[in-house]
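Notes for the one structure printed next.
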Amino acid sequence: MALRVVSTETVKILVSGDVKGQFKKLFSSVDKVNKKAGPFAALFCVGQFFGATGETDELLPYLEGSKTIPVPTYFIYGNEISSSGIAELLGHRMEAGGELCPNLTFLGRQGIKEISGLSVCFLSGRYDDESYREPKKSLEGDSIDTCYHESEVDELIAKASESFVVGHDILLTSEWGQGFHRLLPLEASIPMHGPLERAGSPAVARLASEADFRYHFVGTLNVHYQLAPFQNKVHSTRLYGMGALGNAGKVKAMQGFSVPPVKTAPRSAFAEEKEKATLNPYTRAPTAHGEADEEEVPEAPHTEEDYNVQNISAPGESMQCSVQSILGNAAAKFDVEDAGAGGPQAPNARVFGAMSQAQAKQLHDEQAAAEAEAREMAEAAKAPKRVSLYQFNQPKPKGKRGGNSPKRVKW
């Protein structure tokens, strides 16, 4: 049973994956959802916010005031290609962020801001191994630096770590943290360019392991993903991956949450919540320089029922994963989750975070033994029945034909 954190208030928010310049579709969808299930205090967008070539044409009606944005919207950028359009739009807001028009705010390259009573940490951009350790670029004119640097991550970790008592409500990054695969179901695989172990950003993994966040929202991979809560130093973190807006595979791209602010949550619940959470997947993630931690941490023996996953990134591509989906084909359905209670679970699904590691291992071993026994019984049933010679010598009961002819055995 998921732990319910009691709070005197909750904040209703929306989270969207990659927008990719489809601003009309985004704000039209948000308007419908807000009228149906709102009001929402904020919309957070992760992943690639602008189009592939940096086009901003669909934003013009909102920037000029001929159209309005229904919910205060906050975004970071992801793996956009640097363009004059984006550089001109962000302008002096490139570093610290700022409002572009009513209800549309760029958060900035990195930082912490309080939004509607929630402590929100964010990191814009993408990881690049070659430029990560280089000094941050000072760009002007028609280009932006879409890669973050080690100095920026160091600065954000230092600021986020100052709140060591309660941590923060939300972490927004466009990339996944490298090492998240350790909490995947044993049978799962996700289509990636390269090994799954190298997927994601080592810098994001470091950020997510050295500071404490209740919720971590990511985009970029066009996969709707919900991991079981995992431990941080203070309480536990829930990781949600969001699909891209308008994707061909109908992956869920927008989701609502009712979040109890961490600053008003009872401190007594933190220890219990942490105890019931699973291992932190980033504990032994490779560093930003490709080095692995020496300490070996046992991987959690999860099964496919512990997660809710919906994929696909393009027609014809398959996740090749026996993971239960709670979304089905109802891509248009909008769910507002009670984030304080861990959200709704899939039918017949177990919450791994509510079990201890010993209990989970025992359950996993029992399931494996039961499956092995079932396979043996199935094989035995298929094997031909062996009949001893003794059976041929037994007298046949007298009937119409009579006699003591040997019993015929069908092989």
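Going by the numbering used here, the residue at position 217 of the sequence shown is 1057; the numbering climbs one at a time, nothing skipped. Cβ coordinates follow ideal geometry from the N, Cα and C atoms, glycine included.
Cβ shell of residue i (< 8 Å), same chain only, five flanking positions each side left out
| i | result |
| --- | --- |
| Lys872 | none |
| Glu935 | Gly948 and Arg949 |
| Ser991 | Pro975 and Lys976 |
| Val993 | Gln950, Leu963, Ala1043, Arg1046, Leu1047 and Ala1128 |
| Gly1130 | Because the pLDDT at Gly1130 is just 43, under 50, the model does not fix this residue reliably, and the point stays unresolved. |
| Ile997 | Arg1046, Leu1047, Glu1050 and Ala1051 |
| Ile921 | Ala892, Thr893, Gly894 and Thr986 |
| Glu1216 | none |
Beta-bridge partners of residue i, as assigned by DSSP
| i | result |
| --- | --- |
| Gln1071 | Ser1076 |
| Tyr914 | Phe884 and Thr945 |
| Ser1041 | Gly1017 |
| Val1063 | Partner(s): none; Val1063 has no beta bridge. |
| Met1094 | Ser856 |
| Tyr1055 | Ile1010 and Arg1078 |
| Val851 | Val1099 |
| Thr1118 | Phe1070 |
Same chain, Cβ closer than 6 Å to residue i, five either side skipped, listed in chain order
| i | result |
| --- | --- |
| Ser956 | Val851, Ala881 and Ala882 |
| Asn874 | Phe880, Pro910 and Val911 |
| Leu1011 | Cys961, Phe1053 and His1056 |
| Gln1114 | The sequence shown places Lys at residue 1114, not Gln. Result list for Lys1114: Gln1071, His1075 and Ser1076, in chain order. |
| Leu929 | Thr896 |
| Gly937 | Phe946, Leu947 and Gly948 |
| Pro901 | Lys907 |
| Ser1196 | Unreliable positioning characterises Ser1196 in this predicted model, as indicated by a pLDDT of 43, which lies under 50. The coordinate reading is nonetheless provided below. So no residue of the chain qualifies. |
| Cys885 | Ser856, Val859 and Phe915 |
| Ala1117 | Pro1069, Phe1070, Gln1071, Ser1076 and Gly1193 |
| Ser971 | Cys987 |
| Asn1087 | Asn1062 |
| Ala1209 | none |
| Lys1073 | Asp1052 |
Close Cβ partners of residue i (< 7 Å) along its chain, the five nearest in sequence each way excluded
| i | result |
| --- | --- |
| Leu899 | Phe863 |
| Leu866 | Ser856, Val859 and Leu1085 |
| Gly1083 | Gly857, Asn1062, Val1063, His1064, Val1091, Lys1092 and Ala1093 |
| Leu903 | Leu940 and Cys941 |
| Ala1000 | Ile952, Cys961, His1008 and Ala1051 |
| Val870 | Leu854, Leu883, Pro910 and Val911 |
| Arg973 | Glu990 |
| Leu1229 | Any reading at Leu1229 is ruled out, since the residue's pLDDT is 37, under 50, leaving its predicted position unreliable. |
| Lys1225 | Because Lys1225 carries a pLDDT of 48, less than 50, the predicted location of this residue cannot be relied on, and the following value inherits that uncertainty. Closer than 7 Å at the Cβ level, and outside the excluded window around Lys1225, lies no residue. |
Whole-angstrom C-beta distance between residue j and residue i, which should lie under 8 Å
| i | j | result |
| --- | --- | --- |
| Ser1014 | Val1058 | 7 Å |
| Gly1019 | Tyr1122 | 5 Å |
| Leu944 | Thr913 | 5 Å |
| Ile853 | Val1102 | Their Cβ separation, rounded to whole angstroms, is 14 Å, which puts Ile853 and Val1102 out of contact at 8 Å. |
| Gly894 | Thr1060 | Going by Cβ atoms, the distance from Gly894 to Thr1060 rounds to 17 Å, so no, they are not a contact pair. |
| Gly1081 | Trp1016 | 7 Å |
Runs of beta strand (DSSP E) lying entirely within the stretch 932-966, each at least 3 residues, in chain order: Scanning the stretch 932-966 from its first residue to its last, the whole beta strand (DSSP E) runs of 3-plus residues come out as 938-941, 944-946, 950-955 and 958-963.
Decide yes or no for the touch test of the stretch 1071-1085 against the stretch 1043-1056: beta carbon pairs closer than 8 Å, at least 3 of them. Contact holds: three or more Cβ-Cβ distances are below 8 Å.
Does the stretch 955-969 come close enough to the stretch 983-1001 that 3 or more CB-CB pairs lie under 8 Å? When C-beta atoms of the stretch 983-1001 are compared with those of the stretch 955-969, three or more pairs fall below 8 Å, so the two segments count as touching.
Take every Cβ of the stretch 853-873, pair it with every Cβ of the stretch 885-893, and state whether three or more of those distances are shorter than 8 Å. Yes, since at least three Cβ pairs between the stretch 853-873 and the stretch 885-893 fall closer than 8 Å, the two stretches touch.
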